[in-house]
Amino acid sequence: MDRRLALSEIVLLGALGFSAFIGIWTLLSVTGIVPRQFLPTPLDLVTRFIELLSQPFAGSTLPQHLASSLQRYAYGFLLAAVIGVPLGLMMGWFRLLDVVVTPLFDGLRFIAPIAWVPFAALWFGTGIGGPVMIIFAGAFPPCLINAYRGARFVEPRLLEAGQMLGTNNVRMIMEVLLPASIPSIVAGLRVAAGLGWQSLVGAELIVAAAGVGFMMVQAQANVATATVMAGMAAIGAVGLVIDVLLRQGEAIIRRRRGLNA
Amino acid sequence: MGSIRFENVDKVFGGHGNGVKVLDTINLEIADKEFLAIVGPSGCGKTTCLRMVAGFEAPSGGIVSVNGRAVVAPGPDRAVVFQQFALFPWKTVRENIDLGLRNKKLPADERQRRIAASLDLMNLQSHADAFPHQLSGGMQQRVAIARAYVLDPEVLLMDEPFGSLDAQTRVVMQEELVRLARVNPRTVLFITHSVEEAVYLADRVAIMTRRPGRIKEILDIKSLRETENWDRFQRIEEVMDLESFVHLRTHIWKSLREEKAEAQ
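Top to bottom, those sequences are chains W and C. For the first sequence, the working numbering assigns the number 1 to the initial residue and increments by one for each residue that follows. For the second sequence, the working numbering assigns the number 1001 to the initial residue and increments by one for each residue that follows.
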């Protein structure tokens, strides 16, 4: 267990796990142990995925569905970040705001984003507003919590240094708390991005007239399992890309700060 | 103008019947442009004294005042130099020094002039655009001193400023501070656990007892320094060899030793 693995071994073992997964899947579907209707083969998936790149399903091609999902996602995520991060920082600085908001926030944040679906549809409709609200519900808590924690755990000496230099509240938040909290905020944005993306697809299964989730629901109604699976693959791939990009952003910020990544 | 006054100051940490008394009836006056060092066993509350003048802590009893006004909050009239520098890592040397000036809403040209002067004063010209983590500990502390001096504060509060520096750098900084104090005298409250440092730098040295800290004794160094003209020496080791210096140091050592012995 303690033996250190070489990089080549790590890559090899990872590939092994992945191949085993594909192998068992192929075995189950091709032999008919699981009816192909319920479990498409990997080849079915790839074929369907490529078809969907150009053939419309439920009104749009897969890239168009993805574009519509990503647009809502961007709105919801940005809204969560733009409200959550400043609010979290302010709660970390103004004790009164902290005391007023924290109980309310703690009371609401354990409601799963999907639980907001009925009201989201009622208040904002199934176009763009409803799904955006669900994404917001998923992405907002990590944005707020991480900004808040970042602000609360700033080295006390730095706060004291700021105070003795006569720094006012706005400048204290913008030039001391915000930069000191950047690593924590970026980590929060990463979590928020993941949760937001998952919430979005969940929301689209219920409240949407376009998007990857909508496409999957439509496919399910037609028992087009390969299409459902193509949607899942697209969701996984986009989620991974988002995470990788944010990870890179985080590493760049840490390096610029002189922190080891 | 900048005088500091402690009147019957007590400090209790914690509270509700089980608090720990760290300071007991501190009475102390530091005159305008006087350099006073406090030495004492660790945990005696000497840093707490400084933090009360800075406005980071409130006294549990008594009054701490600067220029006759009771201290209520931190402010740029009482600049602090921290042991751990407390520079903003995301700001360059220049930006660190500039923050206090911007807070004072000084015009840009005035700020530039004062930054340049303080960089000169601390020999930091070539590091103006460096970030703190690119500098050595000694350099970082120069920046922190420059950041305090540039505000032209009434009093300077230095909390073991050289405590985390290596021995050589420490000596250089001590000599530098003496130079600074002669050229540009300030009211300074200096906390240290180094007896030599206190005797070398200060006009007066206050010795504190172990917790709960009281002022045990105050020694006048200035008159001796002036009669014997210590300032004719360039280097700290030359001063440290003088009989009068050795005598004072030994006296303070013994006084502190008694505190430790009683604690055991």
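Virtual Cβ for every residue (Gly too), placed ideally from N, Cα, C.
Beta-carbon to beta-carbon, residue 1198 (chain C) and residue 1205 (chain C) are separated by about 5 Å, close enough to satisfy the 8 Å threshold.
Residue 1103 (chain C) reaches chain W at 165, 166, 167, 168, 171, counting residues in chain order whose Cβ is nearer than 8 Å. For residue 1075 (chain C), the nearest CB of chain W lies under 8 Å from its own CB, placing it at the interface with that chain. If you look at residue 1025 (chain C), you'll find it isn't in any alpha helix (DSSP H); it sits in the beta strand (DSSP E) that goes 1020-1030.
For residue 1010 (chain C), the three-state secondary structure derived from DSSP is strand.
Residues of chain C whose Cβ lies closer than 8 Å to the Cβ of residue 176 (chain W) are, in chain order, 1088.
Within a 10 Å sphere around the beta-carbon of residue 1231 (chain C) sit fewer than 16 other beta-carbons, which makes this residue exposed. The beta carbon of residue 89 (chain W) sits no closer than 8 Å to any beta carbon of chain C. Its chain contains 228, 231 as the residues whose beta carbon lies nearer than 6 Å to that of residue 216 (chain W), once the 5 sequence neighbours on both sides are disregarded; these appear in chain order. Residues of the stretch 140-166 of chain W whose Cβ lies closer than 7 Å to any Cβ of chain C, in chain order: 157, 158, 160, 161, 163, 164, 165, 166. In the structure shown, residue 1259 (chain C) falls within a helical segment according to DSSP collapsed to helix, strand and coil. For residue 1078 (chain C), the nearest CB of chain W lies under 8 Å from its own CB, placing it at the interface with that chain. The criterion of a C-beta distance shorter than 8 Å is not satisfied by residue 1014 (chain C) and residue 1211 (chain C).
Between the stretch 207-227 of chain W and the stretch 154-174 of chain W there are fewer than three inter-stretch CB-CB distances shorter than 8 Å, so the stretches are not counted as touching. By the neighbour-count definition (other C-beta atoms within 10 Å, threshold 16), residue 1209 (chain C) is a buried residue. Taking C-beta atoms as the reference points, residue 1159 (chain C) and residue 1034 (chain C) fail to come closer than 8 Å. Going by beta carbons, residue 84 (chain W) and residue 140 (chain W) fall inside the 8 Å limit.
Interface flag for residue 1013 (chain C) against chain W is unset, since no Cβ pair is found closer than 8 Å. Under a 10 Å Cβ-count criterion, residue 3 (chain W) is classified as exposed, with fewer than 16 other Cβ atoms of the shown protein chains found around its own Cβ. Out of W:158, W:251, W:10, W:133, the CA that lies nearest to the CA of residue 207 (chain W) is found in W:133.
By the Cβ neighbour-count rule, residue 17 (chain W) is exposed, with fewer than 16 other Cβ atoms within 10 Å of its own.
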